[in-house]
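**Q**
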Amino acid sequence: MPQLKKKWERSANLDETEPLPKEAKCEKLEEKETPAGMEGSSGRGQTSKKPSSTKKRSGTQVNPESYSHWLLKSEPESRLENGVDMKFSIEDLKAQPNQTACWDGVRNYQARNFLRAMRIGQKAFFYHSNCKEPGIAGIVKVDVQFVRQLRRFIPLAELKVYFWEHQAAEGALKNMTLFTRQRLSVQPLTKEEYEFVLSVEDKKPNSV
DNA sequence: GCCAACGTTGGC
DNA sequence: GCCAACGTTGGC
C-alpha cells in the first residue's frame, strides 16, 4: 500500500521503462498530462512501451481517462518494514502541512499507473488497510489532500455485504475493484461506486 | 500470527 | 512461454 514515507529503492523492478523519482507523484498530477495508461489491460490508446505482458490483466477497464474517482489504501497502525514505520492514517494526513501528502512509495506497477492517471482535484476515498478494522475513513482529493473524514467510518465488512448484494442484483458495487482485485493499493472507482458509498455514509450501519 | 490471494522472479 | 518457488498484501 502507498506509504508516504516509503522510498524508492525497490522501485526498479516495477517498470523498467521509467522508474519514477520519488517525488514523481506530485509533479505528475497535471491536468493536461496524458496518463500513462494501465499496462495491465489491453494497452489501447497508447504506443506500446511495455513488453509483451500487456494482455493478460482481467477485469479492469481500459481507458485511464475515464477514471474519475479513486481509492487509496494506507495503513493506520504502526508496522515496521525495513525499519521504517508504515503508519499513515487519515489523522496523519490531516496533520501534514497543508493537509497534503505526496503519495509515493507505491511499488506495484499497476497501482502506480493508476497513480499516474490521477488528476488534480479528483476525489478519492482514503482507505485504512492492514488494521484492526479496515474500511473507508475519509475523502481526499488528488494530489493528495485531506478533504474530510466520513461522518462515520464505513467498514470493509459492510462494503462487502453490498458487494455481494449488488452482484446478485446488478447494483452499483458489483464490480468494485476493492473486491475484484484484492491487493491493489491504488484503484479506480466509477462515479457510481463512489456515489453509492457516499450514499451509505448517513445510513445506519445495521441497515445493511 | 495465520494464511489465501496473487504478483514477481528465474530456470528451463 | 510455462510454471514452481518465493515474496508481499492484507483480511481474519
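For the record, in the first sequence the residue sitting at position 46 is 467 according to our numbering, with numbers rising by one throughout.
We treat Cβ as the ideally placed atom computed from N, Cα and C, and that holds for glycine.
Taking 8 Å as the limit between beta carbons, can you name the residues of its chain near G592, skipping five residues before and five after?
**A** Correct list, in chain order: Y583, E586 and F617.
**Q** Could you give the first and the last residue of the continuous alpha helix (DSSP H) run that contains W491?
**A** Segment H490 to S495 is the beta strand (DSSP E) holding W491; no alpha helix (DSSP H) there.
**Q** Between which two residues does the beta strand (DSSP E) carrying F574 extend?
**A** Run containing F574: Q566 to P576, per the beta strand (DSSP E) assignment.
**Q** Distance check for R540 and Q608, CA to CA, integer angstroms please.
**A** About 13 Å.
**Q** Find the nearest neighbour of K595 within the set Q603, E614, G504 and L577, judged by alpha-carbon distance.
**A** Answer by Cα proximity: E614.
**Q** How about Q570 and A578: do their beta carbons lie closer than 8 Å?
**A** No, the pair does not count as a contact, with Cβ atoms beyond the cut-off.
**Q** For the alpha helix (DSSP H) that F535 lies in, which residues bound it at each end?
**A** It spans Y530 to A538 - the alpha helix (DSSP H) in which F535 sits, taken as one unbroken run.
**Q** Should W524 and L493 be called a contact, given that it needs their Cβ atoms to be closer than 8 Å?
**A** Cβ atoms of W524 and L493: closer than 8 Å.
**Q** Let me know the secondary structure DSSP gives A589 once reduced to three states.
**A** A589: helix per DSSP, three-state reduction.
**Q** Could you give the DSSP three-state label for P626: helix, strand or coil?
**A** Helix, per DSSP.
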